[in-house]
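The next block holds one structure in the form of structure tokens; read it before the comments.
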Amino acid sequence: MAQEPAPLNIWEAPKVGRWTVKAIRNGWSGPAQCLMSNIGDGSGVAYAIAPGDVQRLVVQNSQWRIPPGTSAAIYLQVDHFGPWEVKARRSPTAADTIFIEARFDAEARRLLEQMRQGSWLHIVFPSGERYEVSLEGSKLAGGYLLECYERFGKVAP
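What the sequence shown shows, in my numbering, is residues 165 to 321, in sequence order.
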């Protein structure tokens with residue numbers, strides 16, 4: 165049985181503070197996932213646009229211990245912009261990580277633009293617990309993410 169090739173890092177933008185932006189492809193051809201991440205030292209946020217125009221926001225906090233199978237409606241808010249109610253689910257492999265997935269449509273682009281203009285991403289859980297992630301450097305990193313998406317993320321017609 166043939167083994168799938170390991171994900172390939174096919175492009176990487178210059179580092180912006182804690183942010184890295186890269187294109188990752190599973191296999192040798194086809195569209196790539198574009199990812200911007202400031203996750204380090206057990207906490208942070210990553211924003212990915214995967215093939216098929218799937219947006220994924222990943223938030224990690226090393227202090228969290230989320231039970232397996234957990235999903236809940238949470239609120240995201242960038243600075244003074246209005247809140248977004250989204251469905252989050254625990255990572256299948258990490259008790260300190262949540263995923264939020266959606267189509268990369270006009271609404272998702274609006275969230276990315278807010279992140280690029282903002283200083284802090286605020287997350288509010290059903291329990292009332294709040295968590296904040298710095299977005300410092302996200303304006304430039306988000307620009308690189310969109311460049312990556314245009315170059316590598318779209319499916320050829």
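Note that the Cβ used here is the ideal one computed from N, Cα and C, for glycine as well.
From the DSSP output, read off the bridge partner residues of A212.
Along the sequence shown, read from residue 1 onward, the residue named residue 212 stands at position 48. For A212, which the question treats as bridged, DSSP gives the partners L199, R220.
Using 8 angstroms for Cβ pairs, my map puts S302 next to R280. What's the rounded Cβ distance?
If you number the sequence shown from 1, residue 302 lands on position 138. If you number the sequence shown from 1, residue 280 lands on position 116. Going by Cβ atoms, the distance from S302 to R280 rounds to 5 angstroms, so yes, they are a contact pair.
What does a CB cutoff of less than 6 angstroms around G292 pick up in its chain, not counting 5 residues either side in sequence?
Numbered from its first residue, the sequence shown carries residue 292 at position 128. Nothing listed; no residue qualifies.
DSSP state of G246 mapped onto helix, strand, coil:
As a working mapping, residue 246 is identified with position 82 in the sequence shown. G246 falls in the coil class under three-state DSSP.
Host alpha helix (DSSP H) of A187 (start-end):
Position 23 of the sequence shown, counted from the start, is the residue given in the question as residue 187. Run containing A187: none in the alpha helix (DSSP H); it sits in the beta strand (DSSP E), 184 to 189.
For Y295, which residues of its own chain have a beta-carbon under 7 angstroms away from its beta-carbon, when the five flanking residues on both sides are left out?
Numbered from its first residue, the sequence shown carries residue 295 at position 131. Within the same chain, Y295 has close Cβ partners N225, I287.
Thinking C-beta only, is G317 closer than 8 angstroms to A196?
Position 32 of the sequence shown, counted from the first residue, corresponds to residue 196. Position 153 of the sequence shown, counted from the first residue, corresponds to residue 317. Cβ atoms of A196 and G317: closer than 8 angstroms.
Along the beta strand (DSSP E) that carries L285, what are the first and last residues, could you check?
Start at 1 with the first residue of the sequence shown, and residue 285 comes out as number 121. L285 -> beta strand (DSSP E) spans 284 to 288.
DSSP state of F316, grouped into three classes?
Here residue 316 refers to the residue found at position 152 when the sequence shown is read from its first residue. Residue state for F316 is assigned as helix, using DSSP reduced to three classes.
Nearest-angstrom Cα distance between L304 and P247?
Walking along the sequence shown from the start, residue 304 turns up at place 140. Walking along the sequence shown from the start, residue 247 turns up at place 83. Taking the straight line from one Cα to the other gives about 23 angstroms.
Cβ distance (whole Å) where Q227 is taken to contact F268 below 8 angstroms:
Residue numbering aside, residue 227 sits at position 63 when the sequence shown is read from its first letter. Residue numbering aside, residue 268 sits at position 104 when the sequence shown is read from its first letter. Not really, about 30 angstroms apart at Cβ, beyond 8 angstroms.
Buried versus exposed, by CB contacts within 10 Å (16 or more), W284:
Along the sequence shown, read from residue 1 onward, the residue named residue 284 stands at position 120. Counting Cβ neighbours within 10 Å, W284 comes out exposed, since fewer than 16 surround it.
Strand pairing of S298, partner residues [DSSP]:
Numbered from its first residue, the sequence shown carries residue 298 at position 134. According to DSSP, S298 bridges with W284.
For G208 and S201, which I take to be in contact (beta-carbon distance under 8 angstroms), what is that distance rounded to the nearest angstrom?
Residue numbering aside, residue 208 sits at position 44 when the sequence shown is read from its first letter. Residue numbering aside, residue 201 sits at position 37 when the sequence shown is read from its first letter. About 7 angstroms separates the two Cβ atoms, so the contact holds.
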